[in-house]
Each structure stands twice: as structure tokens, then as C-alpha cells.
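Q: Under our numbering, residues 3 to 115 are what the sequence shown spells out, in order. Here you go, one structure.
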Amino acid sequence: MTQTDNEASVFRALADPTRRQILEHLRGGELAAGQIASLFTISGPSVSRHLKVLKEARLITERRDANRILYALADDRLAICVGRFLSAVCPEQIVLRHTRWRTTPGTTDHEEV
């Protein structure tokens, strides 16, 4: 799989609002498949399909704990892919984010934004 295909899988995974919600829920730490399914009104098999897409995009990891499957966010994967895309599409914005300064009204103090 090329890097472009690899990154495309991330954006395809992010295209679905349910998958984005799953990622938000996992922000707090590992969750079992059943816990994730209980957070949605869709069927268990539908949640499983969403988890599979996220796993194939390497946005989440899974591990077995006895008879449970626990899911967690993959370290830095999302940030790296989105950051690489933004750097390619609008590199000047990346530079601006690091160098933009704001002057507080009435003072000469500057604060990095």
C-alpha cells in the first residue's frame, strides 16, 4: 500500500460521523466493544463494521482481554496523517500558526497564538 493509499484510508474512515464519534469516545481511554456498542442506537454488527474500518485505517488498536476485545486510539496516527495533509495543502498556514503574534490592546506585550 502506498503512502497516498494509506492516508486515503484515514480520510475515508473519518468521512463517517459514527466513526468520528467512536474516536471521540476512545479519547478517554480503552473501551470494550460492548461498551462502544452501548453508546450508539445502531446494531452491534454495524458498530463492528465501523470498528473494522477504523482498525484497517490504523486509527485504533485492539487487544484481547479474556473474552473481551478492547479498543484504543492508535498513538499519533491521526495527527500525523492530518498534519502531513495540511502541510502539503497549505504549508504557509503551518508556518503562520507558529509565528503569528498578537498584541494585547493598550500594551506592547506580545503573545504567541
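Beta carbons: idealized from backbone N, C-alpha and C, even for Gly. The structure displayed is predicted, hence computed values, not measured ones.
Apply the 10 Å Cβ neighbour rule to Ala81 and answer buried if 16 or more other Cβ atoms are within range, or exposed otherwise.
A: Taking the sequence shown and counting its residues from 1, the one referred to as residue 81 is at position 79. Exposed is the call here.
Q: Taking DSSP as the reference, what is the three-state secondary structure of Ile82?
A: In the sequence shown, the residue the question calls residue 82 occupies position 80. Here Ile82 sits in helix by DSSP.
Q: Taking the C-alpha atoms as reference points, what is the distance between Ala10 and Ser45?
A: The residue given as residue 10 occupies position 8 in the sequence shown. The residue given as residue 45 occupies position 43 in the sequence shown. Ala10 and Ser45: Cα-Cα distance of roughly 27 Å.
Q: I'd like to know whether the C-beta atoms of Leu138 and Leu72 end up nearer to each other than 8 Å.
A: Summary: the structure shown does not reach residue 138, with the chain confined to residues 3 through 115, and so no result is reported for it.
Q: Are the CB atoms of Ala17 and Ala59 nearer to each other than 8 Å?
A: Translated into positions along the sequence shown, residue 17 becomes position 15. Translated into positions along the sequence shown, residue 59 becomes position 57. No, Cβ-Cβ distance for Ala17 and Ala59 is not below 8 Å.
Q: When you measure from the CB of Ile38 to every non-hydrogen atom of the ligand GTP, does any distance come out below 7 Å?
A: The ligand GTP is absent from the structure shown, which contains no ligands of any kind.
Q: Assign Glu64 to one of three DSSP states: helix, strand, or coil.
A: Here residue 64 corresponds to residue number 62 of the sequence shown, with the count starting at 1. Here Glu64 carries a strand assignment [DSSP, helix/strand/coil].
Q: With a CB to CB cut of under 7 Å and the five nearest residues on each side skipped, what residues in its chain are close to Val49?
A: The residue labelled residue 49 in the question sits at position 47 within the sequence shown. Within the same chain, Val49 has close Cβ partners Ile38, Ala39, Phe42.
Q: By a C-beta neighbour count over all protein chains shown, 10 Å radius and 16 as the cutoff for buried, is Arg29 buried or exposed?
A: Your numbering for residue 29 matches position 27 in the sequence shown. Arg29 comes out exposed.
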